[in-house]
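Trainee: Below is the structure I would like to discuss, written out as structure tokens.
Chains as they are written, first to last, in the numbering used here: chain D, 1 to 666; chain S, 1 to 316.
Dropping the structure here:
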């Protein structure tokens, strides 16, 4: 069979099969239907993953998948950029669906499973078709399917906090979608069936002010979906409330769809003002710094991961912003490298973040609490899961020898190299310093956040009864996590090869950058050898220790306790662990600590029961969203006055609106 | 071949001299404080004794506790092999890229922290929280500092960065601040204390005993040696082993012996001098309160940034 045809059919199977799997789940409300539905979902997405992988390793750069007839002219097409992201979407979706088979059964009483299955399938379908549809109408419809389906998924457990988060998410995502619509309208001159590839032509004809307006609208639209500061406030609320496999999809994949949209659109603007690149970079750095600081001080396992997603999206947008600025200032080499590392980071982030969310789901299903303070001692009780958790957390902290490290390494190397080229341009140099210092700062704190996440959850003594009786994950719950862990280790060993598979050089119009560049400081350094050398050093120490001392010579005893029995209440908690950072960055974090003392004895005020509450308020919700919300309520109160129920007044209002609209239009 | 010999000589010498360095700094400190002090060779006997002792492992710990000593010592051995300490241009030198080196240092710190938390004692947690804070905030300082060195040298590999340039004065200062913090020395940490209010490094290794403790102590001695030799080499890179001076007018063997001997002697001299300076510093300043560490770290960060800016201005 012809390989092109194989790819086309594979992707069509994956699209249709996804919806079909959802329908099965919706119609058959029993265990068999559920298993069938999620298995089908996993299977067809795996086919889609294979198809997009074949496309990437193949030679073609564009492949038409099909068109929807009946005058809609929605064209489904695959090119290199969309196939990279489609590969992420289908791979992670397949693994999450596999995970869901066992996972949702544990929550039969919490979720309405048939509608959960349908919404999951629609969510995945929406993401796939956003990547495939190549005209504005198709893009926006798919975008809406993705957004609305994920809205229902966030409120799947119907708890008050979930509904609140979901509504907030709905408002933000629709503000974003509105901005996207407006941007597309400006860009395409109102032709909603225009092909995305034709936008580059129409963009050139635009007057500069409308072009800038469109750019800003797109930045807001995609940025709010991606969780860019200051449009990120919904993200740490919404992502953790969804079921864990959905959180994995939202954080790992949906954010990447927004990155894809942004990359797709900015390629349509050959001439964009220099300051736009700076703006993107500044927002990216802000997101990275805020995301990582809150990830450090957060004590909820899934919220920590959500904040870490904001951080990583920030890093990706920093790279994109620097790339835009570099393209604008005649540094295409640096621009391409930044773009490649941005895409690379998107891929690795999808892998480790969904792995971490699935791990968190497996842990929470045992401990029945999302708070890190309710965990502890899991490494002993869940050895296999905690082993994967450690590897995923270390890779999330961008430590070698795992994949994430290489992206950041190459980025920092190219920044250092660029100093020589742009030394005469003070603004460019300033941006490079900001990128370097920002990445280094965020990198250090990301280590803190990930160590806190793993150590407080898995080490020491269990802090609750549930954590003490936790059992290791097994079977289909564990397999996807192991696969994702394996992927991130493989990415570590084969980082340069991965880049050549991604055909990242095809992303940019200018002449391709050889992936050899991914081998920093000459050809003698390979990630695989570095990994081997590290393992060799540890192995050397291990064998020397066996040689020089008796392995059996040990005895178990309790931890040194100063003569008083030690309890889990004496351990360091997540709050205590991050206290130094809370203190050092108190100007930014504004955490409020309140100690409430209730005296137990009337005679001695020092003998008291003390409880401590640490409150963290983000500056953005305090100074930006709350005033806006209050303003909206105030405005609504005023508007209510003209809604007095009299028909005549409403007719008059309609008439006035009509006249004003006509005056503006003519 | 030559580069392999360089790495082997360096590995053996640095791994061998590390306990001596640790003993030396203690001896110097004792002398400055008017005490007699133990022989500088005492750590060799301490480690050997600990290797023979029975280990007491806390029942609260998991497999992570047992992985920690190997990873901590393994990453330190990695640094001792790749960095230019005794000779330049060793076979593993391509891996001395400064971003790799700072990341490998971070791995060691991360695992120490995990070991401290695994015993479920408040001491371990306290030390771990402090160590994590310091090392996560020192990492950016280190990267910015070494970027300045990289820009002057024209390479991101530390192997090519040795040698001082006047514009690097500030960067060198911040490098010293980084090394002090990384090694848990004054004014960041007091290596001689077991008082819970002040300790950082010692608190994390409190639950370790026997061979594991020996490995962790040895790792910290090794790290001290590696980083002080690195700082010394940044100032005086001359008379180190290198691949170029080996064949001199056809006289291969004597040159090898001679330059090897000179490099070894120089290394020992550097270690003695650096340990003396460290002891002098530790005897003349006080340890900082932990919650004032932000001042130390932000000063280090801004010195590093200023150093980078000066280098960049000079680059134009």
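Built from N, CA and C at the ideal position, the CB exists for glycine as well.
Specify the secondary structure class of residue 52 (chain D) as computed by DSSP and reduced to three states.
Mentor: Numbered from 1 along the first chain, position 52 holds the residue referred to as residue 52 (chain D). The answer is helix: DSSP assigns residue 52 (chain D) an H, G or I state.
Trainee: Name the residue from S:5, S:310, S:21 whose alpha carbon lies nearest to the alpha carbon of residue 166 (chain S).
Mentor: Residue numbering aside, residue 166 (chain S) sits at position 166 when the second chain is read from its first letter. The option with the nearest alpha carbon to residue 166 (chain S) is S:310.
Trainee: Express the C-alpha separation of residue 199 (chain S) and residue 517 (chain D) in angstroms, rounding to a whole number.
Mentor: Taking the first residue of the first chain as position 1, residue 517 (chain D) is located at position 517. Taking the first residue of the second chain as position 1, residue 199 (chain S) is located at position 199. Low confidence applies to residue 517 (chain D): its pLDDT is 39, below 50, so where it sits in the model is not reliable enough to give any reading.
Trainee: If we cut at 8 angstroms on Cβ distances, does residue 130 (chain S) have a partner in chain D?
Mentor: Start at 1 with the first residue of the second chain, and residue 130 (chain S) comes out as number 130. With 8 angstroms as the cut-off, residue 130 (chain S) counts as an interface residue toward chain D.
Trainee: Taking the Cβ atom as the reference point for each residue, do residue 356 (chain D) and residue 101 (chain D) lie within a distance shorter than 8 angstroms?
Mentor: Within the first chain, residue 356 (chain D) is the residue found at index 356, counting from 1. Within the first chain, residue 101 (chain D) is the residue found at index 101, counting from 1. Not in contact: residue 356 (chain D) and residue 101 (chain D) (Cβ atoms no closer than 8 angstroms).
Trainee: May I have a chain-ordered list of the alpha helix (DSSP H) segments no shorter than 4 residues that lie completely inside the region 9 to 60 of chain D?
Mentor: If we require 4 residues or more, the alpha helix (DSSP H) runs fully inside the region 9 to 60 of chain D come out as 31 to 57.
Trainee: So with Cβ pairs under 8 angstroms, would you call residue 74 (chain S) a contact of chain D?
Mentor: Position 74 of the second chain, counted from the start, is the residue given in the question as residue 74 (chain S). Cβ-Cβ to chain D under 8 angstroms: yes for residue 74 (chain S).
Trainee: Would you say residue 462 (chain D) and residue 386 (chain D) are within 8 angstroms of each other, going by their C-beta atoms?
Mentor: Looking up residue 462 (chain D) in the first chain gives position 462. Looking up residue 386 (chain D) in the first chain gives position 386. The answer is no: Cβ separation not under 8 angstroms.
Trainee: Apart from the five residues on each side of it in sequence, which residues of its chain come closer than 8 angstroms, Cβ to Cβ, to residue 288 (chain S)?
Mentor: Here the question's residue 288 (chain S) lines up with position 288 in the second chain. The answer, listed in chain order, is 187, 188, 295, 296.
Trainee: Enumerated in chain order, which unbroken segments of the alpha helix (DSSP H) with a length of 4 residues or greater are wholly contained in the region 19 to 65 of chain S?
Mentor: 42 to 52
Trainee: Please list, in chain order, the chain S residues whose beta carbon lies closer than 7 angstroms to that of residue 548 (chain D).
Mentor: Here the question's residue 548 (chain D) lines up with position 548 in the first chain. Correct list: 51.
Trainee: Relative to the C-alpha of residue 279 (chain S), which candidate in S:111, S:31, S:151 has its C-alpha closest?
Mentor: Your numbering for residue 279 (chain S) matches position 279 in the second chain. Taking the Cα of residue 279 (chain S) as reference, the smallest distance to any Cα among S:111, S:31, S:151 is reached at S:31.
Trainee: DSSP three-state label for residue 555 (chain D), please.
Mentor: Within the first chain, residue 555 (chain D) is the residue found at index 555, counting from 1. Note: residue 555 (chain D) maps to strand in three-state DSSP.
Trainee: Note down, in chain order, all residues in the region 556 to 582 of chain D with a beta-carbon under 8 angstroms from any beta-carbon belonging to chain S.
Mentor: 556, 557, 558, 559, 560, 561, 566, 568, 570, 571, 572, 576, 577, 578, 579, 580, 581
Trainee: Does DSSP put residue 285 (chain S) in a helix, a strand or coil?
Mentor: For this step, residue 285 (chain S) is matched to residue 285 along the second chain. Of the three classes helix, strand and coil, the one that applies to residue 285 (chain S) here is coil, per DSSP.
Trainee: Does the CB of residue 610 (chain D) have a neighbour CB from chain S at under 8 angstroms?
Mentor: Along the first chain, read from residue 1 onward, the residue named residue 610 (chain D) stands at position 610. No, its Cβ sits nowhere closer than 8 angstroms to a Cβ of chain S.
Trainee: I'd like the span of the alpha helix (DSSP H) that includes residue 593 (chain D), first residue to last.
Mentor: Counting from one through the first chain, the residue named residue 593 (chain D) turns up at place 593. Residue 593 (chain D) -> not in any alpha helix (DSSP H); beta strand (DSSP E) instead, spanning 591 to 599.
Trainee: Just list the residues that DSSP pairs residue 339 (chain D) with in beta bridges.
Mentor: Here residue 339 (chain D) is taken as the residue at index 339 of the first chain, counted from 1. Paired residues: none, contrary to the question.
Trainee: Give the single residue among S:120, S:29, S:103, S:181 whose Cα lies nearest to the Cα of residue 566 (chain D).
Mentor: Position 566 of the first chain, counted from the start, is the residue given in the question as residue 566 (chain D). S:120 is the residue among S:120, S:29, S:103, S:181 whose C-alpha sits nearest the C-alpha of residue 566 (chain D).
Trainee: State whether the region 264 to 278 of chain S contacts the region 117 to 137 of chain S, with contact taken as three or more CB pairs (one from each stretch) at a distance under 8 angstroms.
Mentor: no
Trainee: List, in chain order, every chain D residue whose beta-carbon is nearer than 8 angstroms to that of residue 70 (chain S).
Mentor: Your numbering for residue 70 (chain S) matches position 70 in the second chain. 538, 541, 542, 545, listed in chain order.
Trainee: Have a look at the DSSP bridge pairing and note the partners of residue 611 (chain D).
Mentor: Start at 1 with the first residue of the first chain, and residue 611 (chain D) comes out as number 611. DSSP lists D:596 as partners of residue 611 (chain D).
Trainee: Mind pulling the alpha helix (DSSP H) runs of 4 or more residues that sit fully within the region 85 to 165 of chain S?
Mentor: DSSP runs (the alpha helix (DSSP H)) wholly in the region 85 to 165 of chain S: 98 to 118, 122 to 153.
Trainee: Between residue 20 (chain S) and residue 41 (chain S), is the Cβ-Cβ spacing less than 8 angstroms?
Mentor: As a first step, residue 20 (chain S) is located in the second chain; it is residue number 20 there, counting from the start. As a first step, residue 41 (chain S) is located in the second chain; it is residue number 41 there, counting from the start. Yes; because the gap between Cβ atoms is below 8 angstroms, this pair is in contact.
Trainee: If you check the beta carbons only, do residue 141 (chain D) and residue 242 (chain D) fall under 8 angstroms apart?
Mentor: If you number the first chain from 1, residue 141 (chain D) lands on position 141. If you number the first chain from 1, residue 242 (chain D) lands on position 242. No, these two residues do not count as a Cβ contact at 8 angstroms.
Trainee: Between residue 287 (chain S) and chain D, is there a C-beta pair that is closer than 8 angstroms?
Mentor: By 1-based counting over the second chain, the position of residue 287 (chain S) is 287. For residue 287 (chain S), the answer is no, since every Cβ of chain D falls outside 8 angstroms of its Cβ.
Trainee: From this set, D:612, D:346, D:27, D:238, which residue's C-alpha is nearest residue 165 (chain D)'s C-alpha?
Mentor: Within the first chain, numbered from 1, the residue matching residue 165 (chain D) stands at position 165. The residue with the shortest Cα to Cα distance from residue 165 (chain D) is D:238.
Trainee: Would you say residue 215 (chain S) lies against chain D (beta-carbon separation less than 8 angstroms)?
Mentor: Position 215 of the second chain holds residue 215 (chain S). It does: the Cβ of residue 215 (chain S) has a partner Cβ on chain D nearer than 8 angstroms.
Trainee: Can you find a CB in chain D that lies within less than 8 angstroms of the CB of residue 16 (chain S)?
Mentor: Along the second chain, one-based indexing puts residue 16 (chain S) at 16. No, residue 16 (chain S) does not count as interfacial toward chain D.
Trainee: Less than 8 angstroms between the beta carbons of residue 312 (chain S) and residue 423 (chain D), yes or no?
Mentor: As a position in the second chain, residue 312 (chain S) is number 312, starting the count at 1. As a position in the first chain, residue 423 (chain D) is number 423, starting the count at 1. A contact, by the Cβ cut-off of 8 angstroms.
Trainee: So, are the CB atoms of residue 263 (chain D) and residue 81 (chain D) less than 8 angstroms apart?
Mentor: Working through the first chain from its first residue, we reach residue 263 (chain D) at position 263. Working through the first chain from its first residue, we reach residue 81 (chain D) at position 81. Closer than 8 angstroms, so yes.
Trainee: Of all Cβ atoms in chain D, is any one closer than 8 angstroms to the Cβ of residue 139 (chain S)?
Mentor: Translated into positions along the second chain, residue 139 (chain S) becomes position 139. Closer than 8 angstroms: yes.
Trainee: Taking DSSP as the reference, what is the three-state secondary structure of residue 448 (chain D)?
Mentor: Against the first chain, residue 448 (chain D) aligns to sequence position 448. Assignment of residue 448 (chain D) by DSSP, reduced to helix, strand and coil, places it in the helix class.
Trainee: Mark residue 553 (chain D) as exposed unless 16 or more other C-beta atoms lie within 10 angstroms of its C-beta, in which case mark it buried.
Mentor: Position 553 of the first chain holds residue 553 (chain D). Residue environment for residue 553 (chain D): exposed (fewer than 16 other C-beta atoms within 10 angstroms of its C-beta).
Trainee: Residues of the region 456 to 489 of chain D in Cβ contact with chain S at a cutoff of 8 angstroms, in chain order, please.
Mentor: 456, 458, 459, 460, 461
Trainee: For residue 156 (chain S), decide whether its Cβ has a neighbour in chain D, counting only Cβ atoms nearer than 8 angstroms.
Mentor: Here residue 156 (chain S) refers to the residue found at position 156 when the second chain is read from its first residue. It does: the Cβ of residue 156 (chain S) has a partner Cβ on chain D nearer than 8 angstroms.
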